[in-house]
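Below is one structure; the comments refer to it alone.
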Amino acid sequence: MISKEAVVIKPGKLFIDGKWVNSVSGKTFDTLNPAREEVITSIAEGDRADIDLAVAAARKAFEEGPWKKMDARDRGKILLRIMELIDKNKDELALLETLDNGKPISETTNADIPLAIDCFLYYAGWADKIHGETIPVRGEFFNYTLREPVGVVGQIIPWNFPLLMAAWKIAPALACGNTIVLKPAEETPLTALRLGEICQEAGLPDGVLNIVPGYGPTAGAALAEHMDVDKIAFTGAHTTGRIIMQAASKNLKRITLELGGKSPNIVFADSDIESAVDGAMTGIFFNQGEVCCAGSRLFLERSIHDEFVDKLSNKAANMRVGNPEDAGTQMGAQVSKEQLDKILGYIDVGKQEGAKLVTGGERCGEKGYFIRPTIFDAVDNNMKIAREEIFGPVVSAITFDDVDEVVRQGNLSVYGLAAAVWTKDIKKAHRLARDLKAGTIWINTYNALDAASPFGGFKQSGFGRELGVHALELYTQIKSVWINLGS
Ligand code: ADP
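Per my numbering, residue 505 is the first one in the sequence shown, and the count goes up by one each step.
Structural data, given as structure tokens:
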């Protein structure tokens with residue numbers, strides 16, 4: 505494992521047109537280590553003027569640069585080189601992510617960074633396999649389609665998986681030949697900036713990827729409403745998604761949104777209870793619950809309810825919460841004071857609503873934004889804690905009696921990002937996979953993800969599918985070409 509001293513933390517600059525620059529205003533903001541409540545470094549604060557410069561650089565790189573005209577296979581090779589360099593620097597990136605976000609080093613090492621590597625590997629392979637089709641139209645014509653890049657793409661990402669979300673956005677956009685302006689979350693800009701250095705080292709031409717850290721309502725809003733941005737891809741809160749959709753309407757830019765969730769995790773009495781308990785733990789406590797597809801509504805069949813809650817609360821109470829830099833830590837710090845207060849606020853609401861607090865429910869220690877893994881039992885699906893996304897380590901257990909009822913309750917949410925079902929009955933499993941309204945269904949597992957499999961939401965969890973072949977549709981547009989073969 506890399507030592508903390510081995511991570512060189514530089515003041516963050518903006519990455520525009522292949523150069524590392526200060527912001528036009530000269531303003532900076534601090535990025536914090538949420539586990540120590542200490543400033544890590546200062547970051548140049550991008551705003552409208554910087555977004556203008558970054559978009560102009562991306563436009564020039566798209567229209568005049570070598571990127572679009574390059575052999576697709578060579579584009580793929582650059583993506584492979586980015587992948588190799590992330591791999592080469594994986595320990596440094598894992599630690600950087602842990603310091604900036606507060607999540608345990610075991611998770612950044614075993615999930616965030618390997619998944620980012622895999623994402624670049626997967627899309628490197630796609631670069632030279634994106635093509636149109638020939639179509640047998642009526643008459644004396646030859647008709648074919650070209651699948652072309654969309655152009656300048658704005659990407660706004662959240663703080664919960666900073667490098668991984670950057671990879672999900674950047675890799676497919678590059679594979680398709682677009683140019684990018686990326687705005688990382690103000691809480692966690694460090695790994696995105698390091699990725700910029702890596703892309704430069706890998707030979708990505710100037711202006712193809714521009715990175716502008718800054719605040720949402722300033723830099724983010726400027727990007728979302730920019731008249732020369734062709735597409736905006738956003739991951740974050742559904743309230744922000746609404747604002748971005750409005751801003752994007754100014755020039756009718758294409759838009760994809762990956763928003764929140766309140767995912768049902770449904771456990772039947774005929775499941776393997778030990779695995780289901782482990783799945784429920786992963787479902788809600790992975791990444792301190794700061795996961796859009798967290799299994800925050802835990803539906804338990806009545807006959808196993810007591811045993812399940814006992815087992816789950818024992819495990820939750822024994823989780824190692826603390827210094828995220830320790831290899832044995834299982835849950836780290838929430839990302840910010842704002843997030844900590846929001847979660848503690850929801851815990852108060854749960855108590856007031858009459859839910860039964862089984863374990864946790866409080867801050868852990870005095871320094872750092874740590875919260876104990878929290879389980880509410882006897883929750884009614886209509887309670888606020890069962891309806892609203894808490895984005896923290898708080899699960900609501902709800903008892904059910906039959907299959908139709910749990911499907912109805914599970915679907916009773918404005919969200920539809922993911923759902924999980926635990927059962928040994930294959931018929932029931934497939935029936936629920938069909939009937940639950942969510943973009944991802946997990947059967948006897950939780951949080952399984954792969955660069956090759958699509959991810960995205962039903963209902964107010966957003967639209968457009970990231971990852972897999974589906975993301976290529978988001979980053980390309982189709983042109984139909986007609987050739988007259990007649991006289
Ligand atoms: P959270 O509330 O969990 O921080 P947000 O949706 O606010 O989630 O943040 C996700 C990303 O959206 C961040 O990069 C943030 O800066 C950005 N953002 C926030 N508000 C806006 C906005 N009005 N316009 C564009 N981007 C925004």
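Think of the CB as a built atom: it goes at the ideal place given N, C-alpha and C, for glycine as much as any other residue.
From a predicted model like this one, the values you see are computed outputs, not experimental measurements.
For Gly720, the Cβ falls inside the 7 Å cut-off from some heavy atom of the ligand ADP. Between the alpha carbons of Leu536 and Asp521 lies a gap of roughly 27 Å.
In the DSSP assignment, Thr903 falls within the beta strand (DSSP E) that extends over 898-904. Here DSSP, grouped into helix, strand and coil, assigns Gln981 to strand. DSSP places Asp939 in the uninterrupted alpha helix (DSSP H) bounded by 930-939. In terms of Cβ geometry, Ser779 and Asn948 form a close pair [threshold 8 Å]. DSSP, read as helix, strand or coil, puts Arg577 in helix.
In this structure the segment 846-856 touches the segment 892-904; the number of beta carbon pairs closer than 8 Å is three or more.
Here DSSP, grouped into helix, strand and coil, assigns Gly658 to strand. Glu644 and Trp986 have their alpha carbons spaced roughly 10 Å apart. The residues Pro515, Thr532, Asp534, in chain order, have a CB closer than 6 Å to that of Ser546 in the same chain once the five nearest residues on each side in sequence are set aside.
Scanning its chain for C-beta atoms nearer than 6 Å, with the 5 sequence neighbours on each side dropped, one finds around Arg806 the residues Thr903, Asp905, in chain order. When only Cα atoms are considered, Ala784 and Tyr950 end up about 8 Å apart. Here Phe665 carries a coil assignment [DSSP, helix/strand/coil].
Taking 7 Å as the cut-off, the C-beta of Lys687 counts as close to a heavy atom of the ligand ADP.
Around Ala798, the same chain offers Ile788 as residues with beta carbons nearer than 6 Å, after the five sequence neighbours per side are excluded. For Pro653, the enclosing beta strand (DSSP E) covers residues 645-653. The ligand ADP has a heavy atom closer than 7 Å to the beta-carbon of Trp663. Taking C-beta atoms under 8 Å as the contact rule, Val813 and Val862 qualify, at a distance of about 6 Å. Taking 7 Å as the cut-off, one finds at least one heavy atom of the ligand ADP near enough to the beta carbon of Gly724.
Each of Gly826, Leu844, Glu567 was checked against the Cα of Gly681, and the nearest Cα belongs to Glu567. Taking all protein chains in view, the Cβ of Gly990 is surrounded by fewer than 16 other Cβ atoms within 10 Å, so the residue is classified as exposed. Distance from the C-beta of Glu690 to the nearest heavy atom of the ligand ADP is below 7 Å.
Separation of the CB atoms of Ala576 and Asp632 is rounded to 4 Å, and the pair is thereby assigned contact status at 8 Å. Rounded to the nearest angstrom, the gap between the Cα atoms of Lys871 and Leu816 is 27 Å.
Boundaries of the beta strand (DSSP E) around Asn769: 768-771. Here Val525 is bridged, per DSSP, to Leu518. Residue pairing by DSSP puts Phe880 in a beta bridge opposite Leu861, Ser900. Distance from the CA atom of Leu976 to the CA atom of Gly968, rounded to whole angstroms, is 11 Å.
Here the C-alpha atom of Gly858 lies approximately 20 Å from the C-alpha atom of Pro768. By the C-beta density criterion, Leu756 is exposed, having fewer than 16 other C-beta atoms within 10 angstroms.
Taking all protein chains in view, the Cβ of Arg824 is surrounded by fewer than 16 other Cβ atoms within 10 Å, so the residue is classified as exposed. Taking the Cα of Asn526 as reference, the smallest distance to any Cα among Ala831, Gln834, Leu557 is reached at Leu557. Annotated three-state conformation of Ser840 is coil, per DSSP. In the structure shown, the three-state DSSP call for Ala922 is strand. For Glu762, the uninterrupted beta strand (DSSP E) run begins and ends at 758-762, by DSSP.
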